[in-house]
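Down below is the structure, laid out as structure tokens.
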Amino acid sequence: MQQITAPDISYLAIAPILIVLGFACVGVLVEAFAARERRWGLQVAISAAALILSGGFLAYFLSSNDAAGGPTGRTGVTTLAGMVTVDKPALFLWGTLLALGLLALLLLADRTVGGDLRTEVFPLFLFALGGMLVFCAANNLLTMFVALEVLSLPLYLMCGLARKRRLISQEAAVKYFLLGAFASAFFLYGLALLYGYAGSVKLADIATAAVGTDRSDTLLFAGLGLLTVGLLFKGSVGPFHTWTPDVYQGAPTPVTAFMAACTKVAAFGGILRVLTVAFQSTQWEWRGVLWGVAIVSMAIGAIFGLTQTDVKRMIAYSSVAHAGFLLVGAIAMDADGLSSTLFYLLTYGFTTIAAFGVVGLVRGGGGEVSTLSQWAGLAKRSPMLAWVFTFLLLALAGIPMTSGFIGKFLVFSAALRDGMAPLVVVALVFSAVAAFFYLRVVVLMHFREPVEDGPTVSVPGVFTTVAIALGVFVTLLLGVVPGFVLTWASSGGFLS
Amino acid sequence: MGTALLIALLLLPLAGGVVVALLRGDDRVAKLVAITVALAELVLAVLAWLSYVPGAARIQFAGSVGWISRIGVHLSFGVDGIALAMIGVIALLVPVVIGAGWADKVPEGRTVSGMLSLILVQQSLMVAVFAATDVFVFYVLFEIMLVPMYFLIGGYGGARRQYAAVKFFLYSFFGGLIMLASVIGCYALAADRTGGGSFDWATLVAVTKEAPLSTQVWLFFGFFLAFAIKAPLVPLHTWLPDAAEQAPIGVAVILVGVLDKVGTFGFLRYCLPMFPDASRTLAPLVIVLGVLGVLYGSLLATGQRDLKRFIAYVSIAHFGFIAIGIFAFTSQAQVGAVTYMVNHSLATGMLILVIGMVIARGGSTSIADYGGMAKLTPLLAGMFLVAGLSTLSLPGTNSFISEFLVLLGSYPTQPVAAVFATIGMILAALYVLWLYQRIMQGPVRGAALIPSEPADAAPARTRIVDLSGREVAVLAPMVALIVLLGVYPKPVLDVVTPSVAATLTSVGAADPVVAQEGK
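Going down the list, the sequences are from chains A and B. Just so it is clear: in the first sequence, position 365 is 365 by this note's numbering, and no numbers are missing. Just so it is clear: in the second sequence, position 236 is 1236 by this note's numbering, and no numbers are missing.
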């Protein structure tokens, strides 16, 4: 009988994952045993504690990791028998996820405007976040698949949690679930084919197998293709984006904020790792396809975004366009491409959460009003809100002095230096097209007369105010002095 | 000293804009603060003009601090003679514009302080865009500059202002993004050649001018497209008539007088020195566009029925002239083009203001609604004539010298273009004088001056009054400069000539023919 040896576990390195998932379990227990009226406060406290504690351990690990390896620091730690790699990109992504998670939590926890959610949302939120953390660091396709499910299933549920707009919310949940299940199946199928090709599900082994063998390329590329479809689906990259508008529109707005920002970070973290670690050597074979995908995604996002009549759907299409821009950086496949994509993810997340925070404040008789025509003349009723949203839209459009511009600039310059000049020009053209629909909203808010019995703007609670303020502040800060975050983002590459 | 002066020039209007924005409640105080700031900026600009040493270092008053060190971006500023001339024009036009709009009403729901604040912020950004010597910073300012202008047109303009504002923004933003591709391309080139990435203008010039022609052509095209949209060259001009028609008068002055000059300034500062081979190769193309602009703009100006669109087409014709002068690659033509950038701002700026005063009295922008106005407002008619004569480049006015230099200088290298451009001069006399005749001469007529009911004719007459003391005070400095620079252009020529010579040297153009003829 084969001896089973316990794998070596670096508990410190994976402490953020353990804390988030552990607190999620505590949240489930609270849900079961605490009295109804005390649950809300308890759950918010538990979630916040989980994020902060987890962030603290992350910072501690980072400093001890840096101290251990001399002036530049160790590149990272592979632990749990090679299942999880905590390297510099993973740490950056974790930091991003925890920071964005905290912002999203602030939106979720504010009962003064919405009151649309129940307390179940908090443990689900922590489980999803835990799955995302694992997903970014998974060094093994099987672990990655499990993480994918751990992050997806709670998200499906969270989409359906709205109490006031129950039908559209549940419709969104079902759509997301069905399409997500297909995407997972694609991922799993790809995984199986890759296992057939390489005889291993470890990313590094696949990379080794792909270099200098006479095995059938069909298995490799079919596997890669199916796997990528699963990943691109999560990142809402066109043409695998079809769920995005419906789900963004239907889900409760704080959940949409969380999903839009964090899922994108996790998905692109996974895409970056898989492509870089496992498929770097075959990049010339598949890069052309992803060029096409990036162009299609930018085109779909920019062009369909023009015709939207709902703010949330418009931001959804904007996210599809942004996914295309991110993919441009992700396939640059060098240090610049990696650091610029990481930076872009961070900035996009903050801007998007703040934008959804603002969307959640505009309300009418039956809850949120996200129909664009109702937003006409909002600047007259609530100038502050209109200016904040204008700033966020300009950031999404990539106007200088916002983080959106720096992100775009870095991604495009990485791509250009990697010889993808035509793709960069296409991306810039679609940036200009996308700018039109952001401007349309600015025109609507500032230059139109308000509609009769239009929506009112709720006075935001403390939590929402803080979340929006933080999002706006970071958007501005990283537009003006992006240097320090850029240094973190480019402190090291993937560890295979 | 010079650097401190430049920093003050950059920051003063910005600070003023913030202060004015806070004075929401009190329009009068807001106006007073705004005009004080604008006049202080003018004093600073005069000081800068005096302490600038023509012929010394190419970029003077230079200062630089690190910004994004990882990609080699520095906040670097400095001026050459061309930039200084444009900064001087901005500093002159902004107080004039504020003075001219003193009594104007803003659309319902808007505040005067909001508009003045945006104008001052716009001024700060425009000074900065001319003073930037880091290409990244230039790009950033080039795009940000659109935002206050967008709100000025969209918030305070005419009936179709939303359409005009969005069109203006999208055109320029699109051009800017294409330029961004070129900026990144230059950066990548510099990073490959020198090892470390930099956006410093002088560093990039040293790298890109050695690049192979094919590379240069691509990079040139990115910059050129952005500047050709901004300056508007035909066929990229269609945003300007809408923007100029819908913008409030003062904003139209700033838009046509200064903002569009960023385009022609960009040709001189970026296209020519950075891509000399491409510039020489593609010069015929630009010259053709310039000639097209001159003829097309002149013809459409002749046929216009709307006063504000008329100005837009006049400007398109003049920008064609400037482009011809820049790309003829002789020192006379280029000096002519640069002084034209200044003189066009004065002449057209004044013409817009005068037309604004006509519109303020008649309440209509249609040319057909006016006639014989000189009988009611002789002073206004006189001012109109001065602005018009300067616009058609009558000898003795400032524009004549520029236009003459452009034609004289471009004839040796581009004779056909020079001949066609001369037709533009003739058309200019036609459209200006015909407009003057229709609006000012003959018996009093037109719906704007005489309401349809004859019974109300008498009170309506008294409605049309001549220029007030404020309006005369606003126009007087413009008239003075138009005449002064017409007979004594040396102050402007002295400042711009060395910078033009440096630009021509960097593009590798010698003008032996002209030099011999000159002797």
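Glycine included, C-beta positions come from ideal geometry on N, C-alpha and C.
Here A/V28 is actually not in contact with A/L42; their C-beta atoms are around 12 Å apart, not less than 8 Å. Contact between B/L1380 and B/L1467 holds: their C-beta atoms lie close to 5 Å from each other, under 8 Å.
Here B/M1126 really is in contact with B/V1258; their C-beta atoms are around 6 Å apart, less than 8 Å. In the structure shown, B/V1018 adopts helical secondary structure according to DSSP, grouped into three states. Proximity to B/G1066 across A/I168, A/V480, A/L220 and A/S490 peaks at A/V480, based on C-alpha coordinates.
Between A/D87 and A/L495, the C-beta spacing is below 8 Å. At a beta-carbon threshold of 7 Å, the residues of chain B lying near A/S431 are L1177, ordered along the chain. Using a CB distance cut-off of 8 Å, B/L1180 counts as an interface residue toward chain A.
Counting the other Cβ atoms within 10 Å of the Cβ of A/R36 gives fewer than 16, which makes it exposed. Against chain A, the CB of B/A1188 has a partner CB under 8 Å away; the residue lies at that interface.
One Cα belongs to B/A1473, the other to B/L1493, and the distance between them is close to 27 Å. The beta carbon of B/I1229 sits no closer than 8 Å to any beta carbon of chain A. In this chain, the alpha helix (DSSP H) harbouring A/G292 covers Q283 to L306. Within the same chain, and ignoring the five residues on either side of B/G1072 in sequence, the residues whose Cβ sits closer than 7 Å to its Cβ are G1196, G1197, S1198 and F1199. With fewer than three CB-CB distances shorter than 8 Å, the stretch 300 to 315 of chain A does not count as touching the stretch 216 to 229 of chain A. Going by C-alpha positions, B/F1275 is about 52 Å away from A/S152. For the set A/G398, A/V429 and A/M384, the Cα lying nearest the Cα of A/L476 is the one of A/G398. Sixteen is the threshold: since fewer than 16 other Cβ atoms of the shown chains lie within 10 Å of the Cβ of B/Q1437, the residue is exposed.
The stretch 1386 to 1406 of chain B and the stretch 1479 to 1491 of chain B touch, with three or more beta-carbon pairs separated by less than 8 Å.
If the five residues before and after A/L157 are omitted, its C-beta is found closer than 6 Å to the C-beta atoms of L124, all from its own chain and listed in chain order.
Under DSSP, the beta-bridge partners assigned to B/I1068 are B/V1073.
With distances taken between CA atoms, B/T1111 lies nearest to B/R1024 out of B/G1442, B/A1091, B/V1121 and B/R1024.
Bridge partners of A/A138 according to DSSP: A/V84.
Taken in chain order, no unbroken stretch of beta strand (DSSP E) lies wholly in the stretch 1076 to 1132 of chain B with a span of 3 residues or more. When only Cα atoms are considered, A/F122 and A/A109 end up about 9 Å apart.
Judged by DSSP secondary structure, A/V211 falls outside any alpha helix (DSSP H); it is assigned neither H nor E.
Taking the beta carbon of B/S1069 as reference, the chain A residues within 8 Å of it are G483, listed in sequence order.
Separation of the CB atoms of A/P16 and A/S54 is rounded to 4 Å, and the pair is thereby assigned contact status at 8 Å.
Beta-bridge partners of B/E1041 (DSSP): none assigned.
None of the residues of the stretch 1425 to 1449 of chain B has a beta carbon lying less than 8 Å from any beta carbon of chain A. In the three-state reduction of the DSSP assignment, A/S10 falls in the coil class, being assigned neither a helical nor a strand state. For a Cβ distance threshold of 8 Å, residue set G1154, Q1162, A1165 and V1166 of chain B lies close to A/V443, ordered along the chain.
Beta-bridge annotation (DSSP): A/K202 is paired with A/N140. Between A/L428 and B/I1178, the beta carbon gap of about 6 Å places them in contact (Cβ cut-off 8 Å). Nearest Cα to B/L1204 within the set B/Y1187, B/P1212, B/W1102 and B/V1217: B/Y1187.
Using beta-carbon distances, B/E1245 does not count as an interface residue toward chain A, since no partner is under 8 Å.
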